[in-house]
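Visitor:
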Amino acid sequence: MKIALVDDEQESLDEIGRLCRSFFEGSGYAAETVSFESGEAFLEAFEAGSFDIVFMDVYMKGMDGINASLQMRRLDNRCLLVFLTSSMDFMPDAFSCHAFEYVTKPFSKERIFAVLSDAIKVLPQEQKFIELIADRKIVRVFFDEIISVVTDAHYLDITLADGKRLRCRMTMPEFVGKTGCDARFITINKGITVNAEHILTFERGCCIMESGAKFPVRVRDSAKVEQMAMDYHFEKIRRRQTHFTGHSPSAGFSGRRHGKEG
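Residue numbering for the sequence shown follows our numbering, starting at 4 and increasing by one per position.
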């Protein structure tokens with residue numbers, strides 16, 4: 004995850020950079036902060052997709068944060084924009100920038116942490132990763148790339164979305180622990196864990212993946228496993244809708260049965 008910090012006050016840049024690094028330590032996310040002392044310097048370096056989060060000071064010498072953000076939005080409408088400000092007078096001009104949040108100065112650790120916590124809930128989850136040892140090398144794998152994990156003696160065979168397979172000397176509990184018990188990884192049978200992001204459907208006692216792979220589901224746990232997959236996708240939708248509308252979706256699961264939401 005790359006985070007841009009744009010502020011013409013070095014003290015503010017140092018403080019928010021320190022808080023961002025503190026938040027992401029041990030979070031399961033690899034985060035990098037890049038500082039810019041002006042809107043002009045930021046735009047000169049900016050490209051679509053180059054940053055996931057942008058902390059933008061509103062009142063700066065030269066180009067102000069509103070104009071810098073408007074120019075940024077012409078190139079990228081996906082990154083999360085967080086305004087830093089000492090006054091709320093800018094608010095009427097900020098709507099067209101599609102800001103995710105704002106933080107008033109002087110900012111606190113609690114406020115920055117709250118904004119970052121909200122941000123990672125709506126950013127693509129594939130940015131979380133796990134480090135594995137395969138072929139005597141450390142391999143970093145994003146959670147979203149993993150389709151299935153299958154136990155084979157003292158090893159795990161891990162299949163990735165691009166068709167590659169990794170063989171790692173690790174137990175299933177060790178793997179689950181390394182993911183932070185992430186809810187997308189569901190154990191459907193002894194020694195078989197699948198990624199809910201890649202489940203297409205359940206049929207005749209099998210979990211069918213989008214890749215076409217089929218895995219047997221333990222009979223006595225079949226209803227529980229299907230419910231876990233449904234709950235994962237419902238919670239994912241609920242978090243997004245709650246953040247952007249302030250309302251939770253009504254009961255029931257819309258979209259493809261047990262598949263990814265559209």
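For every residue, glycine included, the Cβ atom is placed at its ideal position computed from N, Cα and C.
I want to know whether the segment 72-92 touches the segment 53-60 - three or more CB-CB distances under 8 Å.
Guide: Flag = yes, the segment 72-92 and the segment 53-60 touch.
Visitor: Would you kindly check if the distance between the Cβ of F146 and the Cβ of A122 is under 8 Å?
Guide: No, Cβ-Cβ distance for A122 and F146 is not below 8 Å.
Visitor: K124 by DSSP, collapsed to three states: which one?
Guide: In the structure shown, K124 sits in a helix (DSSP, three-state: H, G or I).
Visitor: Quick check: the Cα distance between F45 and F39, rounded to an integer number of angstroms?
Guide: Rounded to whole angstroms, F45 to F39 spans 6 Å at the Cα level.
Visitor: Grouping DSSP H, G and I as helix and E and B as strand, with all else coil, what is D17?
Guide: Correct three-state label for D17: helix.
Visitor: Report the three-state DSSP secondary structure of F247 (helix, strand or coil).
Guide: Because F247 carries a pLDDT of 44, less than 50, the predicted location of this residue cannot be relied on, and no value is offered for it.
Visitor: Throw me the rounded Cβ distance for the A216 and I150 pair, which I believe falls under 8 Å.
Guide: Right, their Cβ atoms sit about 7 Å apart.
Visitor: Okay, do the segment 211-226 and the segment 184-192 touch, 3+ Cβ pairs below 8 Å being the bar?
Guide: As far as the Cβ criterion goes, the segment 211-226 touches the segment 184-192, which means the pair count is three or higher.
Visitor: Report the three-state DSSP secondary structure of E229 (helix, strand or coil).
Guide: E229 falls in the helix class under three-state DSSP.
Visitor: On the three-state DSSP scale, how would you describe V106?
Guide: Correct three-state label for V106: strand.
Visitor: Report yes if the CB atom of C100 is closer than 8 Å to the CB atom of I136, and no otherwise.
Guide: No, these two residues do not count as a Cβ contact at 8 Å.
Visitor: Which residues in the same chain as D165 place their Cβ atom closer than 8 Å to its Cβ, once the five residues preceding and following it in sequence are excluded?
Guide: These residues qualify, in order along the chain: E148.
Visitor: Would you say the beta carbon of D55 comes nearer than 7 Å to a heavy atom of the ligand ADP?
Guide: No copy of the ligand ADP appears in this structure; indeed no ligand is present at all.
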